[in-house]
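Per our numbering, the sequence shown starts with residue 1439, numbered consecutively.
Don't be surprised by glycine CBs; every beta carbon is placed ideally from N, CA and C.
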Amino acid sequence: MPNEREVLTVAGREVAISNPNKVLFPQTGFTKLDVARYYLAVADGALRGAGRRPNVLVRYPNGINGEFFFQKRAPHARPAWIDVVALRFPSGRSAEEVVPRDAAALVWMANLACLELHPHPVRADDLDHPDELRVDLDPVPGVEWAQLREVARVVRATLEDFSLVGWPKTSGSRGIHVYVRIEQRWTFDEVRRSALALAREVERRAPAIATSKWWKEERHGVFLDYNQNAKDRTIASAYSVRPTPDARVSAPLSWDEIDVCEPADFTLATMPSRFAEIGDRHAGIDQHPCSLAGLLDLSARHDRDGLGDAPWPPHYQKQPGEPARVQPSRRRTPRYPLIEIGRAQKKDDALAGLERWKGRHPDAAAHLAAADVLVDAMRGRFHTWTRIRVNLQHIPEALRPAQEPLDPDERTGERTGDGSPRSTGDGSPRGTGDGSPGDDQGSRPPSRPRSRRTAPKTFSSS
């Protein structure tokens, strides 16, 4: 009979692991206790990435194949030594979020089946001034790791030209993240503006392989998700476990390692020995705080040249200078011919509907490029669901199927607001770049057909 409880002594504290033998990764057999022990093995590095910061809890109580949810508010039933800090969100709401400060806190989070570490880019002692610029490289469908390597090299050169030190890591799914430690003197809006300027500069230098375009139907190659720097956005931090069948983790790298590694090299099984052997590749990150002055000058130059702002995430109020927040496919004169295939609570069910659509329209499906299939992870208040759309741009007009009834068409009554894709070219929570929800986001299909005013929120991740 499996143990129902195991107590670990960590940092001088006793932390109970309930149901320690509960399997969270069916393919590999990793249990809740395995996750807790993993975070113990890499605690120094994990705390360098997520420690002393407010964290969103991304919980998988029934394993990676079950339903998961985002929990911004710290559980009321928590040990007295679990630190929290109150954050105010763009909606005006506020909540107390967990601030891990030692290895015991990481183990306590693991006991909640919190696989992923999703810290905000601020320290708990100054919630208004980020100390990180986050560069999220999010590949569109069909883009291989080799192209990500190329874009990462352009990012590195661009950062160096602006006297910025980049610290790369795998996202733990398909993408790459590059962190830049910055001085704590700029606002969230200034950091986001810097990230947008950087994304546009990388796109200018490598237009065939990189893009700063927010709308999915306009993207190609690798998307630089500047909006990951907006207030209230989080992505999986260094050493975070990711909900992939092989239990990958987000691995800090040296720049040279990008050319020789693959994302699948770094898992819950392999990372502890790597960490024991070479330590944390990001051990020196806090010793190199950088200035955003150069990127802000570039942003001002972009403004003078007429570029201006770019779209914000869907749950933010319309910002001064922001262009119309309307997807190209939903404009009065649509730029791209899109149809919607289906909506489902589970991604596999939505993808099954896509395969049925292809079976009904084999001649049209033969013309689709990988990037023409748009898989949108949608958020309602607490959970995620999946929408499938198809861009018909590469299909000859005579072969383009008309919009059909959605298959599948799952709706459970939760309404959502209009939105745009986040970033799961690697796209998480389940593995797209990894962004976190807004305070009033979650995920269930809407209870009625979408109108222009009630279109669902979408995100994508790395």
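For TYR1476, the enclosing alpha helix (DSSP H) begins and ends at 1470-1479.
Between ASP1684 and THR1466 a beta carbon distance of about 6 angstroms is seen, short of the 8 angstroms cut, so the two are scored as contacting.
Taking 8 angstroms as the cut-off, the Cβ atoms of ALA1542 and ARG1490 do not count as close.
Selection LEU1806, PRO1834 and ARG1781 evaluated against ASP1814 yields ARG1781 as nearest (Cα-Cα).
Per DSSP, the continuous alpha helix (DSSP H) segment holding ALA1542 begins and ends at 1541-1549. Rounded to whole angstroms, the gap between the alpha carbons of GLU1570 and GLY1797 is 47 angstroms.
CA-CA distance, GLU1760 to ALA1748, rounds to 6 angstroms.
Distance from the CA atom of PHE1507 to the CA atom of VAL1640, rounded to whole angstroms, is 34 angstroms. In this chain, ASP1574 is not harboured by any alpha helix (DSSP H); it is covered by the beta strand (DSSP E) spanning 1570-1577. Considering only GLY1744, PRO1758 and GLU1535, the residue with the shortest C-alpha distance to TRP1750 is PRO1758. The DSSP-derived three-state label of HIS1556 is strand. For ASP1743, the secondary structure class from DSSP, reduced to helix, strand or coil, is coil.
In the pairwise beta carbon analysis, the stretch 1524-1536 is classified as not touching the stretch 1578-1594: fewer than three pairs are separated by under 8 angstroms.
DSSP places LEU1586 in the helix class (H, G or I) of the three-state scheme. The DSSP-derived three-state label of SER1532 is strand. DSSP lists TYR1617 as the beta-bridge partner residues of TRP1605.
Judged by their CB atoms, PRO1557 and THR1672 are nearer to each other than the 8 angstroms cut-off. For ALA1808, the number of other beta carbons within 10 angstroms of its own is below 16, and it is reported as exposed.
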